[in-house]
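Asks: First the structure, then my questions, so here it is.
In the working numbering, the protein residues as written are 17 to 482.
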């Protein structure tokens, strides 16, 4: 459906502000006191995650965007708030009525929030809004509940993938453009890197729940999931054969091939700089990590390579992730409609308004941002191709080095696996401990470790479902 083209000034640095703060609309007030909807169809919205006054540049960008939005949407007033999503205070904010009506959450947490009935059903907007109608179905699957309804709007997306340092591959005599099609290919590349360079072959995250997260992704590629849902009931299944096989793969790479270095307490803040500086040749992580690796850890753009996760014969696909705009369950329909307008305006209109897309990309590139943002495209392939054509003059990402990954995401065979629906972070933490044991104890008993983690996970998952 064609949209009215509108000219808007693209604020410099918008992408970095949005990514760091998840600036999303919110309404304040308890369920009994909510004054977000005024008379005569007016709605007052409070935007959570507003930059602090000490961050003058980011705050000005935010204020400029608010002014633009209000000018284009008569009857909607936005007020700023520094409230942002924090999983440790979310439940208390719901109970106390202080939770913003709309906010950004990691996709990892959305299924738990759906199960607790804390989110607004936004399905009607997916049926009527042309921007939401263009979203990539593999991305929107992450915001659907078991009832098929949509409980959020994706604002960034990625899959887990194999990130490679192309410079290290070349030093090891490997072709950085040759796809890693199997896990044997990954192991052989790790071997070559460890033997022929000063780098370790593969960095494996193991802490802050990131180890369990990446292990879950590898397990899916081997054909297993750590939770299974039947109707309304979800069961922990950590001790499945695929997860054991994934751990055996890493165990062999660590102890038999000695291709994983000597640091086995890694999170991305530790592994990212080491990977960017050439201390590792490969890293299993988020496809969108190009952005922090280049901007924060000073990796040369041309050094970054990206391949989809190899799939075993029974592989289920690549684990997906990202950020989602959610609306709290007690929001009025008017508030939800206004929130969707803001979310589209702030995050998604670049895919519907090509003139704005070109202006925004030029501004971001001038500000040192990555254009386009690397990750799983939010929109369908045809719409994304149109977007790339519109911003062509501002592209500063060497997309030719990422061609294998992006071609795979457009394939009809490409499957995105949703994150575990119940208490994913707690379950990931259990798998962190399993990974650490496997990588630090040559005689670790994988079956026994998984059995112990399974027993604990059963209690966590069961308790979360009442």
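Where a beta carbon is used, it is the ideal one built from N, C-alpha and C, also for glycine. Remember, predicted model here, so these are calculated numbers, not experimental data.
By Cβ distance, which residues of its chain are closer than 7 Å to residue 210, with the 5 residues on each side in sequence left out?
Replies: 216, 217, 274, 275
Asks: Note down the Cα distance separating residue 436 from residue 188, rounded to an integer number of angstroms.
Replies: 37 Å
Asks: For the beta strand (DSSP E) that residue 279 lies in, which residues bound it at each end?
Replies: Counting along the chain, residue 279 sits inside no beta strand (DSSP E), nor does DSSP assign it H or E at all.
Asks: Buried or exposed: residue 70, going by 16 or more other Cβ atoms within 10 Å of its Cβ?
Replies: exposed
Asks: Taking only the alpha-carbon atoms, compute the straight-line gap between residue 281 and residue 287 and give it to the nearest angstrom.
Replies: Distance between the alpha carbons of residue 281 and residue 287 is about 9 Å.
Asks: What did DSSP end up calling residue 370 once you bin it into helix, strand or coil?
Replies: helix
Asks: Over what stretch of residues does the beta strand (DSSP E) that includes residue 323 continue unbroken?
Replies: 320 to 324
Asks: Three Cβ pairs or more, each shorter than 8 Å: is that satisfied between the region 215 to 234 and the region 303 to 311?
Replies: no
Asks: May I have a chain-ordered list of the alpha helix (DSSP H) segments no shorter than 4 residues that lie completely inside the region 399 to 452?
Replies: DSSP runs (the alpha helix (DSSP H)) wholly in the region 399 to 452: 419 to 425.
Asks: Comparing alpha-carbon positions, which option in 100, 352, 432 lies nearest residue 239?
Replies: 432
Asks: Straight-line CA distance for residue 133 to residue 268?
Replies: 43 Å
Asks: Under 6 Å Cβ to Cβ from residue 450, same chain only, skipping five residues before and after it: list those, please.
Replies: 465, 469
Asks: Restricting to Cα atoms, I'd like to know which of 409, 348, 452 is closest to residue 117.
Replies: 348
Asks: For residue 319, which residues of its own chain have a beta-carbon under 7 Å away from its beta-carbon, when the five flanking residues on both sides are left out?
Replies: 181, 182, 183, listed in sequence order.
Asks: Could one say the Cβ of residue 60 lies closer than 9 Å to chain C's Cβ atoms, at least one of them?
Replies: In the displayed structure, chain C is absent; only one protein chain is listed.
Asks: How close, in whole Å, do the beta carbons of residue 390 and residue 307 come, if the pair is a contact with beta carbons under 8 Å?
Replies: 6 Å
Asks: Could you name each continuous alpha helix (DSSP H) segment of 4 residues or more that falls completely within the region 142 to 217, going from the start of the chain to the end?
Replies: 146 to 149, 153 to 156, 182 to 187, 199 to 212
Asks: May I ask you to list the residues that DSSP assigns as paired with residue 394?
Replies: Paired residue(s): none; residue 394 is not in a bridge.
Asks: May I ask you to report which of helix, strand or coil DSSP gives residue 387?
Replies: coil
Asks: On the DSSP letters alone, give me the boundaries of the alpha helix (DSSP H) that residue 257 sits inside.
Replies: 257 to 267
Asks: Compare the Cα-Cα distances from residue 401 to each of 359, 91, 373 and report the closest residue.
Replies: Closest option to residue 401, Cα to Cα, is 373.
Asks: Whose CA, out of 353, 266, 439, lies closest to the CA of residue 462?
Replies: 266
Asks: Who does residue 485 pair with in a DSSP beta bridge?
Replies: In this structure the chain extends from 17 to 482, so residue 485 is not present and cannot be described.
Asks: Apply the 10 Å Cβ neighbour rule to residue 145 and answer buried if 16 or more other Cβ atoms are within range, or exposed otherwise.
Replies: Per the 10 Å Cβ criterion, buried.
Asks: By the 10 Å Cβ neighbour count, where 16 or more other Cβ atoms means buried, how is residue 419 classified, buried or exposed?
Replies: With fewer than 16 other Cβ atoms from the protein chains shown falling within 10 Å of its own Cβ, residue 419 counts as exposed.
Asks: Residues in its own chain within less than 6 Å of residue 95 by CB, not counting five upstream and five downstream?
Replies: 62
Asks: Just grab the DSSP bridge partners of residue 301 for me.
Replies: 177
Asks: Can you tell me whether residue 392 is buried or exposed, with buried defined as 16 or more other CB within 10 angstroms of its CB?
Replies: With 16 or more Cβ atoms within 10 Å of its Cβ, residue 392 is classed as buried.
Asks: Could you please give me the residues that DSSP links to residue 246 through a beta bridge?
Replies: 249
Asks: Are the CB atoms of residue 299 and residue 236 nearer to each other than 9 Å?
Replies: no
Asks: What is the residue span of the alpha helix (DSSP H) that residue 273 lies within?
Replies: Run containing residue 273: none; DSSP gives neither H nor E here.
Asks: Between which two residues does the alpha helix (DSSP H) containing residue 241 stretch?
Replies: Run containing residue 241: none; DSSP gives neither H nor E here.
Asks: Locate the alpha helix (DSSP H) running through residue 307, then write down its first and last residues.
Replies: 306 to 311
Asks: Going by DSSP, name the residue or residues bridged to residue 219.
Replies: 299
Asks: From the DSSP output, in three-state form, read off residue 57 for me.
Replies: helix
Asks: Do residue 434 and residue 336 have their C-beta atoms within less than 9 Å of each other?
Replies: Their beta carbons are under 9 Å apart, which means residue 434 touches residue 336 by this criterion.
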